[in-house]
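Below is one structure, written out as structure tokens; comments come after it.
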Ligand code: URA
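In our numbering, the protein residues as written are 95 to 327.
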């Protein structure tokens with residue numbers, strides 16, 4: 095259970111406005127604690143007891159969400175390279191402190207599943223090389239695939255230009271002449287494109303359909319979905 099916190103601090107950290115705006119929200123009688131209107135911003139409460147305009151607080155114990163990233167969007171906060179994924183999220187999420195961020199990144203020309211969180215610990219856990227979180231990518235390449243690639247990708251010997259260590263074994267499944275899925279447990283920069291490039295293929299389409307236990311299911315392009323916050327061991 096969370097610790098009691100001042101209402102104005104709690105609301106400001108969850109994106110309900112600046113500290114001053116959060117105070118105003120409380121002053122004006124928009125906030126209840128265990129069903130009773132509280133108008134003192136300094137009143138301490140636990141988040142599960144608090145309602146704002148009759149609604150429970152949004153993800154008070156930490157935010158985790160899925161985003162179906164469209165092509166053409168970048169995963170940085172400020173960018174002159176085009177629209178950012180943060181433009182697709184509710185404005186309130188962008189006012190949270192700690193700030194929301196993506197768990198790893200997809201490049202501008204890749205679509206698919208991105209996890210969004212305000213919990214640095216989750217980012218660390220799920221992007222650490224030791225975590226070996228499986229990511230599945232759907233890939234289309236420019237030329238007919240050769241079955242020999244399956245063995246090469248699985249061998250743990252694929253060497254990317256400019257890197258010391260070869261890639262960990264990856265599972266390639268050939269689905270059609272130029273179509274495949276690849277499962278990686280690492281997250282190196284542009285890894286899928288560079289793995290194919292190292293063998294002479296050019297990736298023309300790339301989409302991530304899975305990250306660890308999470309799948310896009312029927313989430314539409316550009317849409318997001320709040321997820322239950324996982325229990326961390
Ligand atoms: N591999 C890539 O090449 N790009 C991504 O966005 C993710 C993995």
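Ideal Cβ positions, reconstructed from N, Cα and C, are used throughout, including at glycine.
**Study point:** Residue range of the unbroken beta strand (DSSP E) whose run includes residue 328
**Key:** Outside the shown range of the chain (95 to 327) lies residue 328, about which nothing can therefore be said.
Practice item. Give me the Cα-Cα distance between residue 178 and residue 171, rounded to the nearest whole angstrom. Key: Stepping through the chain shown from its first residue, residue 178 is reached at position 84. Stepping through the chain shown from its first residue, residue 171 is reached at position 77. Distance between the alpha carbons of residue 178 and residue 171: 7 Å.
Point to revise | Cβ separation of residue 305 and residue 202, assumed to be a contact under 8 Å, to the nearest whole Å | key: Here residue 305 corresponds to residue number 211 of the chain shown, with the count starting at 1. Here residue 202 corresponds to residue number 108 of the chain shown, with the count starting at 1. That pair is no contact at about 18 Å.
Exercise for review: Examine ligand 1 and report whether any of its heavy atoms sits within less than 7 Å of the Cβ of residue 287.
Suggested key: Within the chain shown, residue 287 is the residue found at index 193, counting from 1. Under cutoff, so the answer is yes.
Check your understanding: Three or more beta-carbon pairs under 8 Å between the region 132-145 and the region 215-225, yes or no?
Key -> no
Check your understanding: Buried or exposed: residue 222, going by 16 or more other Cβ atoms within 10 Å of its Cβ?
Key -> Numbered from its first residue, the chain shown carries residue 222 at position 128. Answer is exposed; the Cβ neighbour count stays below 16.
**Study point:** Contained beta strand (DSSP E) runs [length at least 3] in the region 239-322, N- to C-terminal order
**Key:** 265-268, 273-278, 297-305 and 318-320
Point to revise | Length of the line joining the Cα atoms of residue 247 and residue 254 | key: For this step, residue 247 is matched to residue 153 along the chain shown. For this step, residue 254 is matched to residue 160 along the chain shown. Cα-Cα distance, rounded: 12 Å.
Point to revise | Whole-angstrom distance between residue 244 and residue 186, CA atom to CA atom | key: Here residue 186 refers to the residue found at position 92 when the chain shown is read from its first residue. Here residue 244 refers to the residue found at position 150 when the chain shown is read from its first residue. If I take the Cα positions, the gap works out to 45 Å.
Check your understanding: Within the present structure, is the beta-carbon of residue 296 separated from the nearest heavy atom of ligand 1 by less than 7 Å?
Key -> On the chain shown, residue 296 is found 202 positions in, with the first residue counted as 1. False, no ligand heavy atom lies under 7 Å from that Cβ.
Point to revise | Sub-8 Å separation of residue 281 and residue 206 beta-carbons | key: One-based indexing of the chain shown puts residue 281 at position 187. One-based indexing of the chain shown puts residue 206 at position 112. No, they are not a contact pair.
Review point. For residue 297 versus residue 315, is the C-beta distance shorter than 8 Å?
Key: The residue given as residue 297 occupies position 203 in the chain shown. The residue given as residue 315 occupies position 221 in the chain shown. Cβ atoms of residue 297 and residue 315: not closer than 8 Å.
Check your understanding: Closer than 7 Å: is that where the CB of residue 201 sits relative to any heavy atom of ligand 1?
Key -> Translated into positions along the chain shown, residue 201 becomes position 107. Residue 201: yes, Cβ under 7 Å from ligand 1.
**Study point:** Helix, strand or coil at residue 157 [DSSP, three-state]
**Key:** On the chain shown, position 63 is the one that residue 157 refers to. Residue 157 falls in the coil class under three-state DSSP.
Check your understanding: Is the number of C-beta pairs between the region 269-281 and the region 230-238 that are closer than 8 Å three or more?
Key -> yes
Practice item. Using DSSP bridges, identify the partner residues of residue 230. Key: Translated into the one-based positions of the chain shown, residue 230 becomes position 136. In DSSP, residue 230 forms a bridge with 277 and 304.
**Study point:** Continuous beta strand (DSSP E) stretch holding residue 146: start and end
**Key:** The sequence position of residue 146 within the chain shown is 52, counting from 1. Note, residue 146: beta strand (DSSP E), 144-146.
Review point. So residue 126 is in the beta strand (DSSP E); what residue range does that whole segment cover?
Key: Start at 1 with the first residue of the chain shown, and residue 126 comes out as number 32. Residues 125-127.
Exercise for review: Please find out if some non-hydrogen atom of ligand 1 comes closer than 7 Å to the beta-carbon of residue 275.
Suggested key: Taking the first residue of the chain shown as position 1, residue 275 is located at position 181. No - ligand 1 has no heavy atom lying nearer than 7 Å to the Cβ of residue 275.
Review point. Is the number of C-beta pairs between the region 100-117 and the region 188-196 that are closer than 8 Å three or more?
Key: yes
Review point. Looking only at its own chain, which residues have a Cβ that is under 8 Å from the Cβ of residue 97, when we skip the five neighbours before and after it?
Key: Here residue 97 is taken as the residue at index 3 of the chain shown, counted from 1. 140, listed in sequence order.
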